[in-house]
Structure formats: C-alpha cells, structure tokens
DNA sequence: ACATCTTTTTGACAATTGTCAAAAAGATGT
DNA sequence: ACATCTTTTTGACAATTGTCAAAAAGATGT
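Chains as they are written, first to last, in the working numbering: chain A, 1 to 198; chain B, 1001 to 1198.
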C-alpha cells in the first residue's frame, strides 16, 4: 500500500487552521470523522434522502446538481480542501432536492450532523471556528449567484476562467457549461472563438 | 409623532429568537446598535468602500447589484426582518464591489463589525447564534444560485413566484427582472402570457 | 382634477443561444 | 496498437431573449 501522495488536511486540521482548537477537540473530531472512498460517478447524496453528513474532500472532485425540465443544472463543483454537503438538506434537516455526485475517484472525510451538534455543546469554541467557516462559504455562494446572473455566455466564461481557472483542465466541459448555465455546444463555441482571436 | 406601526424586531430580539441570550448580551447589542433611516433611492453601501456594518431591515426594502457591461445585475432583494450587508465586503474586509441600495423608505438597525467582534469575544454564546444565522443565510444564497441557473425565463419566474411571491406586488418589476437575469420586457411578456393562458 | 414622472406593456426586428445530428478528437482497457 | 467509449467540436436551423422605440398605465404632488 502506497502512502497518500496528496497533502490535504484532516477535518481537525482544517478547523484548527481557521481557529486554533485544543488537543481535546482535535481528538474528538478525529474520533468522530471517518475516511470514505468513492469511485468516479458514484452518488454521494441522493434527492429525497436526508443528508446527515458534511464531507471534506481530501482528494478528488464533487459536484451538485438539480434536475429541471429534463436537464441537469450544476450548482457547484468542488475539489480538494473544500467542505461539501447538501447545503439546504444538511442545515435544514429536510429531504434533499439536489444530487451530489463524485466526478473523480475521491477520498472524503465524513462528519456526522449529530456529532457536530455534540461538539458545539461540549466545546463551545468550535462555534467560533464554524462561524468563520460559514462566513467564508457564504461568500462563495454569493459568488455563484453573481456569475450565474451575468447576461452574456462569454462574460460568465471569462469570470469562471479568472476565478475557478484551476478546474478548467480537470473537470469535463459539460459540467462547466452546466455550472455556467449554458449548453456544452455554446461553451465549446465560445472557447474556440477565444482561441482564434489571439 | 406616531408610534411605529410595524412589528419587526430589534437586533437583540432577532438574535435571541435564534439562540436565547442573556440580558447582559441583549443590553450589549442594544447599546452598540443604532437605528438609521434612509429614503428610497439612497445608497447604503457603495462600491470601492469598506463595508463595516451589518443591517437589520426594520421597515422597507433593500437590494444589492453589481454593474456588468453597462447593466445592473441584481444579486438579491430583501425586506423587513432580514439582515443585509455586502456579503463579500463585510466578511472579507476587502473593498466592496457591489452597490447596496434602499428601494423603499427604510428603517434599518446597524451593527458595527468591530462591536460584533468584541461581542464574540466577550459573550462566546453569541457565536452559536451567529453560526445558526449564517447557516440559514447560506441556504438562501444557495437558492439564489439555483434560480439564476434555470435555463428558461419562464421557470425562473415561476420559481420566484413560488418562493418570493410576497415581493411581487411590492417592488418594481425592473428589479425582479434583473434579479432573474432577464430584461424587463421579457418579464413583462412572460407575465402577460401567463395571465392570458388562464 | 391635472400635469408630470415613473413603471409597464407592446411591437418589430436582431442577436444570442439552444437543439439535433454527425464528425472529430481524446481517453481507456486489453 | 486497436477497438471502444467518452468528450468535444462543428454545422444548420429553430427558439428564445435582447434591443430600441413608442404607447399605455399607474403613481405622485400640488
């Protein structure tokens, strides 16, 4: 068995980086989180189910989409180092409406909702850390709301290249197109137009 | 002078409703927040400035927009009972890129960033309350990202009516159109098509 | 009640993007 | 190296939405 070659964090390390926590809390987090491996194409969270877990991507990539009129609308795409879940399902405790799918072979670390609640109770300082994490993710969600409202397909793509360019040579264009609210063909034409014009 | 006829909350009451806080914290919040009145059309937060305040809308309505290629893209619209700020500016402490504008005569309650930081330090339980508030607002931001990606103008409008219908007979259609990522003319046509077909 | 300003609707036409189909290019497993 | 499967590109055309202009409807202040 080869050692992991990736350098991404554990859940406890991620929390500690945001807001330093005691060894006891780190232990609690390490004890209550588990590693999880999924193959490309597997479904992490299915619509209609309850989502009781938050995932940290150690390796791989994940996307969320909703079905709308036969089509899939990609809401977000995330890779290593990011926390993912069904945002509405996990926090509202209502059945999930989207699908969360692993789009590369992935290694995830899982935290259970109930364990997190106990953590907030027992170790109040973790509320500080999670408040800060949510502040950051809230900003990201706002970004996603802005890019999707740009009126021209070309501006959306330009914005995507500027802000999420690292995903370009990694994830299939069909997911990028769907994330940008356009068809694969439109994205392909924009890309060829751009490469011809310089 | 007539008594306020609206029943909306103070900042301390809002926090207390999410997570019960002590009288001391309520006092701290009441002491550090101030009421603020703005006329329709006034700018609450301007691009390029630093945003150091979070606002609770007691009465009125507020929207945020970014300028993109000469056009305004409305990111959100909020009314009484909602907390608003420059989401990225306030939390990142970087200059603001959007404009936040009062679209009705409004009464706002203002909380200063630095006062909030002191509150988190002095009264750790407020981190619990704000964590929960952020969980809720994070879900809303996710909704905004989904509605904007719907491929057809008509589905966006239907979704808006279902989820934010109470804003329909209140705020100008031009802001709704902009929020839905379409022109005022397109929205007007969709509405007349719908009223004709039933 | 009237004039004025703002918001919304309607029309004609143009531009952008989507749909369907097929080909080309690239990736994967043996 | 080859066959197969997946992803991306290209073309022709249709549908949707945007643009510009003008009219209609509604709101506001005196």
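Here a beta-carbon is modelled for each residue, glycine too, at the ideal position from N, C-alpha and C.
Here the structure is a predicted model, which is why all the values come from computation and not from measurement.
Query: Residues of the stretch 7–35 of chain A whose Cβ lies closer than 7 Å to any Cβ of chain B, in chain order; Result: none
Query: Chain A within 7 Å of residue 1128 of chain B, Cβ atoms only; Result: yes
Query: Endpoints, the beta strand (DSSP E) within which residue 1111 of chain B is located; Result: 1106–1112
Query: For residue 51 of chain A, the residue or residues it bridges with in DSSP; Result: Per DSSP, none; premise fails for residue 51 of chain A.
Query: Short CB-CB distance (under 7 Å) between residue 1181 of chain B and chain A; Result: yes
Query: Chain B contact residues for residue 63 of chain A, given Cβ-Cβ distances below 9 Å; Result: Here the premise fails: no neighbours, minimum Cβ distance about 13 Å.
Query: Extent of the continuous beta strand (DSSP E) to which residue 73 of chain A belongs; Result: 71–79
Query: CA-to-CA distance, residue 1017 of chain B to residue 29 of chain A, given in whole angstroms; Result: 29 Å
Query: Residue 1038 of chain B versus residue 108 of chain A - alpha carbon distance; Result: 48 Å
Query: Buried or exposed (CB count within 10 angstroms, at least 16 for buried), residue 1127 of chain B; Result: buried
Query: Where the alpha helix (DSSP H) through residue 1141 of chain B begins and ends; Result: 1125–1149
Query: Cβ neighbour criterion (16 or more within 10 Å) applied to residue 1142 of chain B; Result: buried
Query: Within chain B, the residues that residue 88 of chain A reaches when beta carbons sit closer than 8 Å; Result: 1139, 1142 and 1143
Query: Reduced DSSP secondary structure (H/G/I, E/B, other) of residue 1043 of chain B; Result: strand
Query: Under 8 Å (Cβ pairs) to chain A, residues found in the stretch 1067–1089 of chain B; Result: 1068, 1069, 1071, 1073, 1074, 1075, 1076, 1087 and 1088
Query: Residues of the stretch 1163–1180 of chain B with Cβ closer than 9 Å to any Cβ of chain A, in chain order; Result: 1178, 1179 and 1180
Query: Rounded C-alpha distance that separates residue 58 of chain A from residue 9 of chain A; Result: 7 Å
Query: Per DSSP, cross-strand counterpart(s) of residue 1158 of chain B; Result: Note: residue 1158 of chain B sits in no beta bridge, so no partner.
Query: C-beta neighbour in chain B for residue 1 of chain A, strict 7 Å; Result: Per-residue confidence for residue 1 of chain A stands at a pLDDT of 31, beneath the threshold of 50, marking its modelled position as unreliable; no derived number is given.
Query: Proximity test, Cβ basis, 7 Å: residue 150 of chain A and chain B; Result: yes
Query: Short CB-CB distance (under 7 Å) between residue 1131 of chain B and chain A; Result: yes
Query: Under 7 Å by beta carbon: chain A residues contacting residue 1237 of chain B; Result: There is simply no residue 1237 of chain B to check, as chain B begins at 1001 and stops at 1198 in what is shown.
Query: Interface residues of chain A facing residue 995 of chain B [CB-CB closer than 7 Å]; Result: Outside the shown range of chain B, which is 1001 to 1198, sits residue 995 of chain B, and nothing can be said about it.
Query: Chain A contact for residue 1124 of chain B (CB, 7 Å cutoff); Result: yes
Query: Distance between residue 136 of chain A and residue 82 of chain A (C-alpha atoms, nearest Å); Result: 11 Å
Query: CB contact check: residue 146 of chain A to chain B, cutoff 7 Å; Result: yes
Query: Test item: CB-CB of residue 77 of chain A and residue 63 of chain A under 7 Å; Result: yes
Query: Residue 124 of chain A beta carbon near the ligand ADP (any heavy atom closer than 6 Å); Result: Among the components of this structure there are no ligands whatsoever, and the ligand ADP is therefore not found.
Query: Neighbourhood of residue 1146 of chain B by C-beta distance below 7 Å, restricted to the same chain and skipping five residues each side; Result: none
Query: Any 3 or more C-beta pairs closer than 8 Å across the stretch 1187–1196 of chain B and the stretch 1161–1178 of chain B; Result: yes
Query: Straight-line gap, residue 1019 of chain B to residue 1027 of chain B (C-alpha atoms, nearest Å); Result: 15 Å
Query: Residue(s) in a DSSP beta bridge with residue 1034 of chain B; Result: B/1110
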